[in-house]
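S.K.: Following this note's numbering, the numbering of the sequence shown begins with 125 at its first residue and continues without gaps.
Virtual Cβ for every residue (Gly too), placed ideally from N, Cα, C.
All values derive from a computational prediction rather than experimental measurement.
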Amino acid sequence: MPSAWVNTYSFFTDAYYSGRSLSVHFFNLFWRCSTISNKKLQINEEVRDKEVRLIGAEGEQLGIMSSEKAFNIAMESNLDLVKIAPQAKPPVCKVMDYGKYRFEQAKREKENKKNQRTFDIKEVRLSLNIDVHDFNTKLNNALKFIKKGDKVKVSIRFRGREMGHPEQGYDTMNRFAKACEEVAVIEKPAKLEGRNMLMFLAPKPNK
125 MPSAWVNTYS FFTDAYYSGR SLSVHFFNLF WRCSTISNKK LQINEEVRDK
175 EVRLIGAEGE QLGIMSSEKA FNIAMESNLD LVKIAPQAKP PVCKVMDYGK
225 YRFEQAKREK ENKKNQRTFD IKEVRLSLNI DVHDFNTKLN NALKFIKKGD
275 KVKVSIRFRG REMGHPEQGY DTMNRFAKAC EEVAVIEKPA KLEGRNMLMF
325 LAPKPNK
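As structure tokens, then:
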């Protein structure tokens, strides 16, 4: 038996025997049971159990009744009968707008995928004495990466006697970060590591 169903069954039996309000528990359970996919939900005429425990559209407990009666109650409200806890004894159904539920669930899933988006770390290499044209080219590349949601590693390689002028590297890094400040934040400030100075920029979080 799937773990989500086992948890659903034990939840409702515990709530029933403890005498606590099932309708209050229902909302906590229903919105947590995202592991039960829409394909496993029986709706309307598909619900053919002899008896079901019915939860109303507002979360109120309507009691145990035949599935036919529960279906009629849903139809009278121009809503759907949805079995949301099939392994409970008796199964638990809810009166709801199933189309609206599917829409809101899809919206949440889309938002979750958006928040879980994988990103790449792109590298932009500068030099200590970079000219204006190259600086602007590197800047435009960095802005494109950041606007796509990627992070940017900005690096400067110090060569020979350049190691004696780290302040020039910091000046270049600060100037680059300043030019990106409308779309990016400094995730890790410039730091000299051996002969390489590194700085990490990340897209500004959405407000």
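Please look up how many angstroms separate the CB atoms of N265 and V248, rounded, as I've assumed it's under 8 Å.
M.R.: 6 Å
S.K.: For the candidate residues E305, L203 and F282, whose alpha-carbon lies nearest to that of Q315?
M.R.: Before going further, note that residue 315 is Lys rather than Gln in the sequence given. The candidate whose alpha carbon is nearest that of K315 is F282.
S.K.: Helix, strand or coil: how does DSSP classify D295 here?
M.R.: helix
S.K.: Between which two residues does the alpha helix (DSSP H) holding M199 run?
M.R.: S191 to E200
S.K.: Would you tell me roughly how many angstroms separate the C-alpha atoms of F259 and S251, rounded to the nearest one?
M.R.: 9 Å
S.K.: Are M220 and A181 closer than 8 Å when you measure CB to CB?
M.R.: yes
S.K.: Nearest to L205 by alpha carbon, out of L178, G288 and Q229?
M.R.: L178
S.K.: Whole angstroms is fine: what's the gap from T261's alpha carbon to I270's?
M.R.: In this structure, the CA atom of T261 is about 14 Å from the CA atom of I270.
S.K.: In angstroms, rounded to a whole number, what distance separates the CA positions of P313 and K164?
M.R.: Using only the alpha carbons, I get a separation of about 50 Å.
S.K.: Decide if I245 is buried, meaning its Cβ has at least 16 other Cβ atoms within 10 Å, or exposed.
M.R.: exposed
S.K.: Can you give the Cα-Cα distance for G273 and E175, rounded to whole angstroms?
M.R.: 52 Å
S.K.: Pull up the distance between the alpha-carbon of N168 and that of F243, whole angstroms please.
M.R.: So the alpha carbons of these two residues sit roughly 43 Å apart.
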